[in-house]
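Quick note, the sequence shown lines up with residues 0 to 557 if you use numbering that gives the first Met the number 0. Notes follow the structure.
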Amino acid sequence: MGVATILVERGLITREQLEQAAAEHRSSGERIDRALIRLGMVGRREVLEIIGEQLAMPVVDLGSADVAPEVIQLLPARVVFKQQVVPIELRDGVLVVATSDPFELSALDELRLVTGNPIELVLADEEELRQFIRTHYGVGGDTLHEMAGHGLGIESIEGEADEIEQAQEASVIKLVNDLLAEAISERATDVHIEPYEGSLAVRYRIDGVLQRANVPPTIHRFGAAIVSRLKIMASLNIAEKRRPQDGRITFRHKPQGQAPSEFDLRMSVIPMLSGEGVVLRVLSKTAVLMGLDQLGMPENVLKSWDTLINRPHGILLVTGPTGSGKSTTLYASLNRIVSDEVKVITVEDPVEYHVPGVNQIQVNHKVGLDFSSGLRSILRHDPDVVMIGEIRDKETAETAVQASLTGHLVFSTLHTNDAAGAATRLLDMGVEPFLIASSVEGVMAQRLVRRVCTQCSQPFNAEPGSLPKDFEEQGATLRCGVGCRNCRGTGFRGRVGLYEMLHLTSATREMIMRRVNAAELAAAALAEGELSLLKYDGYAKVRQGQTTMEEVAGALVV
Numbered sequence: 000m001g002v003a004t005i006l007v008e009r010g011l012i013t014r015e016q017l018e019q020a021a022a023e024h025r026s027s028g029e030r031i032d033r034a035l036i037r038l039g040m041v042g043r044r045e046v047l048e049i050i051g052e053q054l055a056m057p058v059v060d061l062g063s064a065d066v067a068p069e070v071i072q073l074l075p076a077r078v079v080f081k082q083q084v085v086p087i088e089l090r091d092g093v094l095v096v097a098t099s100d101p102f103e104l105s106a107l108d109e110l111r112l113v114t115g116n117p118i119e120l121v122l123a124d125e126e127e128l129r130q131f132i133r134t135h136y137g138v139g140g141d142t143l144h145e146m147a148g149h150g151l152g153i154e155s156i157e158g159e160a161d162e163i164e165q166a167q168e169a170s171v172i173k174l175v176n177d178l179l180a181e182a183i184s185e186r187a188t189d190v191h192i193e194p195y196e197g198s199l200a201v202r203y204r205i206d207g208v209l210q211r212a213n214v215p216p217t218i219h220r221f222g223a224a225i226v227s228r229l230k231i232m233a234s235l236n237i238a239e240k241r242r243p244q245d246g247r248i249t250f251r252h253k254p255q256g257q258a259p260s261e262f263d264l265r266m267s268v269i270p271m272l273s274g275e276g277v278v279l280r281v282l283s284k285t286a287v288l289m290g291l292d293q294l295g296m297p298e299n300v301l302k303s304w305d306t307l308i309n310r311p312h313g314i315l316l317v318t319g320p321t322g323s324g325k326s327t328t329l330y331a332s333l334n335r336i337v338s339d340e341v342k343v344i345t346v347e348d349p350v351e352y353h354v355p356g357v358n359q360i361q362v363n364h365k366v367g368l369d370f371s372s373g374l375r376s377i378l379r380h381d382p383d384v385v386m387i388g389e390i391r392d393k394e395t396a397e398t399a400v401q402a403s404l405t406g407h408l409v410f411s412t413l414h415t416n417d418a419a420g421a422a423t424r425l426l427d428m429g430v431e432p433f434l435i436a437s438s439v440e441g442v443m444a445q446r447l448v449r450r451v452c453t454q455c456s457q458p459f460n461a462e463p464g465s466l467p468k469d470f471e472e473q474g475a476t477l478r479c480g481v482g483c484r485n486c487r488g489t490g491f492r493g494r495v496g497l498y499e500m501l502h503l504t505s506a507t508r509e510m511i512m513r514r515v516n517a518a519e520l521a522a523a524a525l526a527e528g529e530l531s532l533l534k535y536d537g538y539a540k541v542r543q544g545q546t547t548m549e550e551v552a553g554a555l556v557v
């Protein structure tokens, strides 16, 4: 009895669905069970278990398999990539090998010949098998073996024509696509490709921390081909190796069983001692905008900020270091207030999210379109709300102030360590204190900390004296992640924000007029109850088990 027939008998698919899959089989030759899975009619695991029953083969969970390194080495990488099988156990001289296609029995003879061992086949999920190969044999390992077999590599490049030809080889294209797809699958925000003498490092920034990508050590032989391919994708000069270059790539990624997504990759190439270094910033064109209430703001901060963003005019600032989530907060704020009655225009560098109903302008320094000139121009477009990506100089700051004083609500960002420091930063730029005091309504300071992985988190008791003196443990549930596949063994997955809100009052405005320092301004606002501190929001999230004290302490170091 066939697998498809059993699926019908067990009520997992209908006769009509079977006929549809059979039609796919007749037109393309695709196996019926695989067509059923691709069409979303049945799950991979259900099909796998039925095949296992039919062939009397055990089904293994490769996701949780702990395979000894010496067992991995029993099967050469070229065989693994060619046959799509992996060794998982050596039991009494018999090598247990996992496959997702038990009908391809021709591989058995090659496996016996290569290893010299009797072979026992077990079944594994196709996606789990691919992930296992990526983890233990490296991303793009199959492509690298193919390239080496065709003599491709750094030694084969003799001139610009050869370099272009190699960069357009199908195997090089596949290798670069594999690296980018893996970065996106791992939720990386940046991809770093770094050449060293005799090696090439590929690292992904995940949840704000750089982590080594699992690539085969032979990848350094193809470093020049990888960089050349990326240059072609970004429309850069492939022959220019002495000067830095910047470009952008639109990359389309379709995860298995999911809708395709487009990503905007901002590329920077800089000549290094041992070659060209590349950094790619990954921006999703189809990313789902987060709501303000999804960012993790404390209730009092959210309520205060919600009131401010609905004001008719004034300046609202979000401050923090690079990568602290300032843009995400601004986008969520704009999304909250955009409507048919409100015209919103932004000037950004770069445009990270596409917001429906918002007119977004991309900074272009080559034609003189920067934050300041862009802001002056958009004020003639009758906006109600304006967002400037960043206030970097006196000219932009003064234009923003004038916009707020003429009846516009202005959002922007500053690089300061805390909320109170925003006023001091504007004073340092040369903005008059009376202009700051009369235009700025509120300042939000923020940081991002890694969130404890929900799949491997465990409660723990802190060592005596290891917590800050002002940290209250009453009702606390301290947790930490022990590391699992879900979090790449880090104990963290995803990030959550820490927030500090300063709402200016008549007293603090008067202090700005007197040019008081940030510490005095913060103390006065705290006494008035108009300032919530970053560290206390961090402590609250530690008590709730969302993050760890080490993460909070690291985020608050200035």
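Positions of the beta carbon are idealized from the N, C-alpha and C atoms, including for glycine.
- The Cβ-Cβ distance between residue 387 and residue 378 does not fall below 8 angstroms.
- Counting along the chain, residue 433 sits inside the alpha helix (DSSP H) bounded by residues 432 to 438.
- Counting the other CB atoms within 10 Å of its CB gives residue 38 a total below 16, which places it among the exposed residues.
- For the pair residue 232 and residue 463, the Cα-to-Cα distance works out to about 55 angstroms.
- Excluding the 5 residues flanking it on each side, residue 548 has same chain C-beta neighbours closer than 7 angstroms at 466 and 541, in chain order.
- Contact between residue 97 and residue 59 holds, with the beta-carbon distance rounding to 6 angstroms and staying under 8 angstroms.
- When beta bridges are read from the DSSP output, residue 245 appears opposite 267.
- Counted as a single uninterrupted DSSP element, the beta strand (DSSP E) harbouring residue 502 occupies residues 491 to 502.
- Its Cα nearest to that of residue 131, the residue 87 stands out among 169, 87, 172 and 119.
- By the C-beta density criterion, residue 546 is buried, having at least 16 other C-beta atoms within 10 angstroms.
- About 16 angstroms separates the CB atoms of residue 422 and residue 319; that is not less than 8 angstroms, and the two are not in contact.
- With fewer than 16 neighbouring CB atoms inside 10 Å of its own CB, residue 457 falls in the exposed class.
- In terms of Cα proximity to residue 226, the closest of 278, 181 and 529 is 278.
- Rounded to the nearest whole angstrom, the C-alpha separation of residue 351 and residue 262 is 10 angstroms.
- Taking C-alpha positions only, residue 41 is separated from residue 129 by approximately 20 angstroms.
- In this structure, 525 is the residue among 267, 30, 357 and 525 with its C-alpha nearest to the C-alpha of residue 417.
- Pairwise C-beta distances place the region 431 to 450 in contact with the region 292 to 312, as three or more of them are shorter than 8 angstroms.
- Distance from the Cα of residue 169 is smallest, within the candidate group 185, 118, 224 and 213, for 224.
- Within the DSSP bridge table, the entry for residue 54 names no partner.
- In this structure, residue 383 sits near residue 408, with a CB-CB distance shorter than 8 angstroms.
- The alpha-carbon separation between residue 313 and residue 343 amounts to approximately 14 angstroms.
- In this model, residue 412 and residue 133 are separated by some 40 angstroms (Cα to Cα).
- Between the C-alpha atoms of residue 336 and residue 329 there is a straight-line separation of about 11 angstroms.
- Residues of the same chain with a CB within less than 8 angstroms of the CB of residue 514, apart from the 5 flanking positions on each side, are 426 and 432 in chain order.
- Residue pairing for residue 189: DSSP places it in a beta bridge opposite 204 and 280.
- By a beta-carbon distance limit of 8 angstroms, residue 203 contacts residue 190. Their separation comes to about 6 angstroms.
- By the 16-neighbour rule on beta-carbons within 10 angstroms, residue 194 is buried.
- Note: residue 195 is bridge-paired with 198 in the DSSP secondary-structure output.
- Under a 10 Å Cβ-count criterion, residue 506 is classified as exposed, with fewer than 16 other Cβ atoms of the shown protein chains found around its own Cβ.
- Counting along the chain, the unbroken alpha helix (DSSP H) around residue 519 starts and ends at 517 to 527.
- Between residue 99 and residue 125, the beta carbon gap of about 4 angstroms places them in contact (Cβ cut-off 8 angstroms).
- If only uninterrupted beta strand (DSSP E) runs of at least 3 residues are considered, those enclosed by the region 285 to 351 are 313 to 318 and 343 to 347.
- For residue 363, the three-state secondary structure derived from DSSP is strand.
- With a 10 Å radius around the Cβ and a threshold of 16 neighbouring Cβ atoms, residue 510 comes out buried.
- By the criterion of a C-beta distance shorter than 6 angstroms, residue 210 is surrounded in its chain by 203, once the five residues flanking it on both sides are discounted.
- Annotation note: the region 352 to 427 contains the following uninterrupted beta strand (DSSP E) runs of length 3 or greater, listed N- to C-terminal: 357 to 361, 384 to 387 and 408 to 413.
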